[in-house]
């Protein structure tokens, strides 16, 4: 059992025993050790099944919603998940006093799809992620992979390995991560391409969209009780069917609804079954918002909770290109 | 919005955002004329044509 | 699908002259949800409206489209028609084929094509229209008048006489405004203060009027029928209840300051009343020019006051008043002629404005009514008037005409000749004398009183010795003229007061580029504003003379009486509404509402077998003005605008574009 797993189990049992919380939300093993699945542990027995390893990637805070719990609950969050917590607090989808945030510093999660050609993922025993690379130990062998080869794309450009909001931090702080990828440069270079090139790039992706809405379901910012896209066609700008145009309209509209609120958790891109670079779309807007309004990265500390939403605020210094 | 549409492959001139007060009739007319001329130069829009 | 009836109006030849109305009603009739489509010459007429009612019954119509003029013209008319036929009046949608089509286009074929698109849009909007019911609100049966010049005074008296309580707030220490400064008024040459003073006294004594002088309205909260005004009573440094107006204090005050009321031509003391007939007759201390406030010494007024009414420690106090309607009557200011350096207004004391001359001629003015030159006190033999200083000038000053200067100059010229035997010359562009008795008065000025009217502009005024030289043009003779004169009077433009913008913003009233407050409609609604419950009277709305001011003040009072006499008012049901079952409580709509009409609200519901409470929002139906900003900000569409719902707008866009 890894050190983190032990810490996680002990903390959960402690909170449940003391009666501080009625539920601890974490991860447990799935069909095999490298598969993880969320666990809602409300008893000490269930708490014993909690784990923590570089495969614990699903964002847990998104699974919580208001008004269902009488007592408090605790949730384990990585850096990206902690920004999700702030996002939910700002959108009034969580009450700060009903959740205990247990932060765990993380230096990257392993993407099974990326390594499945190099190792037998069903027999993975242990994985170690460091700044220099990723060590994957299976029953038969040990593989040394680079971070680019093994980790999720979203982890290669992680700027918040340590949770930005936490009632307690478990495990050691991550001092600094290498920059294996530069999303912002990629977005900028795509934006600089010609109209035809951009068109080609995005249409190739949007054509494959299944309109499964996984990106929306996983998104930290998408918390509408009755999402626009679930309503009948009279109330929306797009039809239900999967045409290129309606797919494009869906992505553009969702990006715009999330505009100014995206915490760059990357879940949208991770969950997409057909590999659409959704995060690249949302990131473009975040960069534009910074260029226009100078707001920088949002949701990076507990103090940000009371900040007004950038697109819901008017300041006289705002740029006025429309005059 | 303009920047986003440009990013996904629309020509930037296809979206006009302009602040015109209800009492600025001339500005409205001039803007409409300008947009019409520019759009005619761009030609028909090929993107998102089969939206239902 | 609904059964929509479409009525295309010819509007005589207004629409039918450009649009092929037969083709239009035929094309629209082909739409699947149109159960009946026809065209008619004058749909708004009585037979036209009867025709609509009959069609509704005969064809079982449940939504109506009238394709005619602007809804601003006849939407209320046709709504009543629907109500008369038993249909909810909000099931009507109008298509504007007149102002938005036939009146602005010439190509008949294209205009008809456009009309078809416009009416298709209206049909699709009607498809998604739902019946709406207005809610009601109670009305406070009191009014507030801001400003107590002749406009405010007239409005206040009319309101008070109708049996309603009126709160009057006047910024200056006395009521009276500009009319109190004037000497004689055209065209009757009535003494201004003589006809004004009785009204001033009426205002202070009327049992229904609560008068606050030396006070301003700091804030106006609430909405039509239910306003709350926060009034700042500025410190007079004198106890209004105790003071008996004996005058000892201002007689004995050692300080002397130029009197603003006399246009700086005369002085007053630091503790003063602006003019002898001031109402209330209670002085105020000008703290910036008072020895006690400057040095801590003096205090003579306090020592001598028999009622011990002087209170140096007095501070501004605040009062809240509940009212149902507001009349804004804050008046005007005059243009600063130094902006025409060619007239040298600031270099020579004898170059003055019309209002200065009023004070000079006034018996209670700085010269006891004797016409004297400000420079040497001698009586002028000849006075030159220059018209349109700051008016009718698109380069500098204002483009508009100030309306009163032609008449008051004629009055000055007449009076100077008749009573003082002083000759006048007037440099003018046009003479505007269009009301009852005005033209005749002007004729007498030129014929009987021999005023010399020269049509032309003045290029320069300067001094030579103790005379003034006026260089100008007589365009009728086509010659340049040079006059030697003793005094020059500039007819300066009427303009909005420097704080007009702030007052307008406090009252929620819009203003134009000259900062005159804007009426709801220049012809049909001249005393109302677009802020429901706020009315306008007098020069704050635009330059006007006394007869027009008094008429407008009574008009504003009538509109206000109309409002506050009701027990309750109907709220326009075209407002925003939150479907709380869809609302996720993100609260994005609250900060964007310009009327602060959206508030957090808890809702309780069943969820997985237990009762849970969560946050949603609620729209205040009286405050909401139906702007739609919250509906645009709502990502999920939980917030929707009645009468302009998301469904309707999308249907309209589809009808026109796809």
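Residue numbers (our numbering), protein chains in the order written: chain A, 15 to 337; chain B, 987 to 1038; chain C, 19 to 676. Virtual Cβ for every residue (Gly too), placed ideally from N, Cα, C.
Chain B contact for residue i (CB, 8 angstroms cutoff)
{"i": "residue 54/A", "result": "no"}
{"i": "residue 218/A", "result": "no"}
{"i": "residue 235/A", "result": "no"}
{"i": "residue 232/A", "result": "no"}
{"i": "residue 262/A", "result": "yes"}
{"i": "residue 65/A", "result": "no"}
Neighbour flag for residue i against chain A, beta carbons, 8 angstroms
{"i": "residue 627/C", "result": "no"}
{"i": "residue 665/C", "result": "yes"}
{"i": "residue 141/C", "result": "no"}
{"i": "residue 997/B", "result": "yes"}
{"i": "residue 1026/B", "result": "no"}
{"i": "residue 191/C", "result": "no"}
{"i": "residue 138/C", "result": "no"}
{"i": "residue 298/C", "result": "no"}
{"i": "residue 989/B", "result": "yes"}
{"i": "residue 617/C", "result": "no"}
Whole-Å CB distance - residue i paired with residue j, under 8 angstroms assumed
{"i": "residue 316/A", "j": "residue 179/A", "result": "5 angstroms"}
{"i": "residue 339/C", "j": "residue 164/C", "result": "Residue 339/C to residue 164/C, Cβ: 11 angstroms. No contact."}
{"i": "residue 157/C", "j": "residue 619/C", "result": "Between residue 619/C and residue 157/C the Cβ distance is about 26 angstroms, and since that is not below 8 angstroms, they are no contact."}
{"i": "residue 187/C", "j": "residue 162/C", "result": "7 angstroms"}
{"i": "residue 253/C", "j": "residue 235/C", "result": "Residue 253/C to residue 235/C, Cβ: 17 angstroms. No contact."}
{"i": "residue 103/C", "j": "residue 27/C", "result": "With a Cβ gap of about 17 angstroms, residue 103/C and residue 27/C do not count as contacting."}
{"i": "residue 2/A", "j": "residue 262/A", "result": "Nothing in the structure corresponds to residue 2/A, since chain A is present only between 15 and 337."}
Within 8 angstroms, strictly: CB atoms of residue i and residue j
{"i": "residue 66/A", "j": "residue 19/A", "result": "yes"}
{"i": "residue 429/C", "j": "residue 202/C", "result": "yes"}
{"i": "residue 205/A", "j": "residue 993/B", "result": "yes"}
{"i": "residue 198/A", "j": "residue 87/A", "result": "no"}
{"i": "residue 552/C", "j": "residue 526/C", "result": "yes"}
{"i": "residue 177/A", "j": "residue 91/A", "result": "yes"}
{"i": "residue 240/A", "j": "residue 649/C", "result": "no"}
{"i": "residue 323/A", "j": "residue 280/A", "result": "no"}
{"i": "residue 48/A", "j": "residue 138/A", "result": "yes"}
{"i": "residue 579/C", "j": "residue 168/C", "result": "no"}
{"i": "residue 644/C", "j": "residue 590/C", "result": "yes"}
{"i": "residue 136/A", "j": "residue 46/A", "result": "yes"}
{"i": "residue 124/A", "j": "residue 164/A", "result": "yes"}
{"i": "residue 595/C", "j": "residue 637/C", "result": "yes"}
{"i": "residue 479/C", "j": "residue 434/C", "result": "no"}
{"i": "residue 121/A", "j": "residue 145/A", "result": "yes"}
Test: residue i CB closer than 8 angstroms to a CB of chain C
{"i": "residue 242/A", "result": "yes"}
{"i": "residue 106/A", "result": "yes"}
{"i": "residue 147/A", "result": "no"}
{"i": "residue 326/A", "result": "yes"}
{"i": "residue 110/A", "result": "no"}
{"i": "residue 225/A", "result": "no"}
Residue i beta carbon near the ligand FMN (any heavy atom closer than 7 angstroms)
{"i": "residue 158/A", "result": "This structure lacks the ligand FMN, and indeed carries no ligand of any kind."}
### Query
Do three or more CB pairs link the segment 56–76 of chain C to the segment 118–126 of chain C at distances below 8 angstroms?
The segment 56–76 of chain C and the segment 118–126 of chain C do not touch, with fewer than 3 CB-CB distances between them shorter than 8 angstroms.
### Query
Counting Cβ pairs closer than 8 angstroms, one from the segment 279–287 of chain C and one from the segment 372–387 of chain C, do we hit at least three?
Contact holds: three or more Cβ-Cβ distances are below 8 angstroms.
### Length-filtered (4 minimum) alpha helix (DSSP H) runs lying within the segment 264–337 of chain C
Unbroken alpha helix (DSSP H) stretches of 4 residues or longer found wholly inside the segment 264–337 of chain C: 266–270, 309–313 and 318–322, given in chain order.
### Message
Does the structure place the segment 1006–1022 of chain B close enough to the segment 20–34 of chain C that three or more beta carbon pairs sit under 8 angstroms?
### Response
With a cut-off of 8 angstroms, the segment 1006–1022 of chain B and the segment 20–34 of chain C do not count as touching, because too few Cβ pairs lie within range.
### Cβ contact (3+ pairs, closer than 8 angstroms) linking the segment 437–447 of chain C and the segment 473–481 of chain C
The segment 437–447 of chain C vs the segment 473–481 of chain C: in contact.
### Task
Taking only runs that begin and end inside the segment 140–213 of chain C, name each unbroken alpha helix (DSSP H) of 4 or more residues, in chain order.
As far as the segment 140–213 of chain C is concerned, its whole alpha helix (DSSP H) runs of at least 4 residues are 168–179.
### Message
With a threshold of 8 angstroms, are at least 3 pairs of Cβ atoms found where one atom belongs to the segment 593–605 of chain C and the other to the segment 98–109 of chain A?
### Response
The segment 98–109 of chain A and the segment 593–605 of chain C touch, with three or more beta-carbon pairs separated by less than 8 angstroms.
### Complete beta strand (DSSP E) runs within the segment 28–103 of chain C (minimum length 3 residues, chain order)
Here the runs fully enclosed are 52–58 and 81–86.
### Task
For the segment 362–405 of chain C, list the alpha helix (DSSP H) runs that are entirely contained and at least 4 residues long, ordered along the chain.
DSSP runs (the alpha helix (DSSP H)) wholly in the segment 362–405 of chain C: 372–379.
### Three CB pairs or more closer than 8 angstroms across the segment 127–142 of chain C and the segment 96–106 of chain C
By the Cβ rule, the segment 127–142 of chain C does not count as touching the segment 96–106 of chain C, because fewer than three pairs are nearer than 8 angstroms.
#### Entry: Ranges of the beta strand (DSSP E) found wholly within the segment 92–151 of chain A, counting only runs of at least 3
Counting only runs of 3 or more, we get 113–117 and 138–143.
### Query
With contact counted as at least three CB pairs below 8 angstroms, one residue from each stretch, are the segment 508–526 of chain C and the segment 221–228 of chain C in contact?
The segment 508–526 of chain C is not in contact with the segment 221–228 of chain C.
### Query
For the segment 501–508 of chain C against the segment 355–368 of chain C, are there 3 or more C-beta pairs whose distance is under 8 angstroms?
The count of Cβ pairs closer than 8 angstroms, one atom from the segment 501–508 of chain C and one from the segment 355–368 of chain C, reaches three, so the stretches are in contact.
### Message
If contact is defined by three or more beta carbon pairs under 8 angstroms, each pair taking one atom from either stretch, is the segment 320–334 of chain C in contact with the segment 263–271 of chain C?
### Response
They touch, by the three-pair rule.
### Task
Could I get the ranges of all uninterrupted alpha helix (DSSP H) runs contained in the segment 514–577 of chain C, with 4 residues as the minimum, in chain order?
Runs of the alpha helix (DSSP H) spanning 4 or more residues and lying entirely within the segment 514–577 of chain C occur at 518–525, in chain order.
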